[in-house]
Amino acid sequence: LPIFCFSTSNGNDRVCIWGEYIGLYADVFNESNLIFHSFPADYHVLKAAGVKIRKHYADTLGMDWTFHTEEIRAHGLKECMKRYFGIAMPDFKEVFSIIPPGKKRRQMLDIRDVKKNNPAKLASYSSLDPWATMVLYHFLKEKLVGMKTDTSPISRISPFKMLLEVYEKQEKPFTEVLI
Numbered sequence: 524l525p526i527f528c529f530s531t532s533n534g535n536d537r538v539c540i541w542g543e544y545i546g547l548y549a550d551v552f553n554e555s556n557l558i559f560h561s562f563p564a565d566y567h568v569l570k571a572a573g574v575k576i577r578k579h580y581a582d583t584l585g586m587d588w589t590f591h592t593e594e595i596r597a598h599g600l601k602e603c604m605k606r607y608f609g610i611a612m613p614d615f616k617e618v619f620s621i622i623p624p625g626k627k628r629r630q631m632l633d634i635r636d637v638k639k640n641n642p643a644k645l646a647s648y649s650s651l652d653p654w655a656t657m658v659l660y661h662f663l664k665e666k667l668v669g670m671k672t673d674t675s676p677i678s679r680i681s682p683f684k685m686l687l688e689v690y691e692k693q694e695k696p697f698t699e700v701l702i
């Protein structure tokens, strides 16, 4: 699948890079410390677009699994933003589908048409996830730095003293195996 847009954020500003220009930013991906939510998925999308990532700094999905081990299914970015910040992020289907006149079922819009006719809508939606990822990263890093494993359900199985160590030395290397 082609990349229509790839977005990034520093936690304040949100930027959308149109897919046809992503190669111009290859050095940024190669040389920067990056933060993802579900690093393996983004890695494969970028790799398919010809972008190589040499460093991976953090994956908020793995950080949330380390911090919030009791939940089995609530580690998606939208679920995390709702749980920790009370922010209900729009779903792709809500933003990019319509109910045609006389119909009851939603019909997905063609993203190529959205990019052509309403690029601001596509850029706004696309850049919301990286912004939320940065907000979540700062929140989870603070939690993991300050939490000892003996206050977590993970204490029964972990040789590490702090949850940040569990993430850095156990969860993060496991995530890298998935790529």
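Mapping of the sequence shown onto the numbering used here: position 75 corresponds to residue 598, and the numbering continues sequentially without gaps. Heads up, the beta-carbon is just placed ideally off N, CA and C, and yes, glycines get one too. Nothing here was measured: the structure is a model prediction, and the numbers come from that model.
- For I540, the enclosing beta strand (DSSP E) has its first and last residue at 537-541.
- With a 10 Å radius around the Cβ and a threshold of 16 neighbouring Cβ atoms, D587 comes out buried.
- Distance between F559 and Y660, taken at the CA atoms: about 9 Å.
- Residue nearest to N535 within the set W654, K671, Q630, K692 is W654 (criterion: CA-CA distance).
- A distance below 8 Å between beta-carbons, with the five flanking residues on each side excluded, links R628 to the following residues of its chain, in chain order: I622.
- A straight line joining the alpha-carbon of R577 with that of S620 spans about 36 Å.
- By the C-beta criterion, the region 565-585 is judged not to be in contact with the region 629-647, since fewer than 3 inter-stretch pairs fall below 8 Å.
- In this chain, the beta strand (DSSP E) harbouring S532 covers 528-532.
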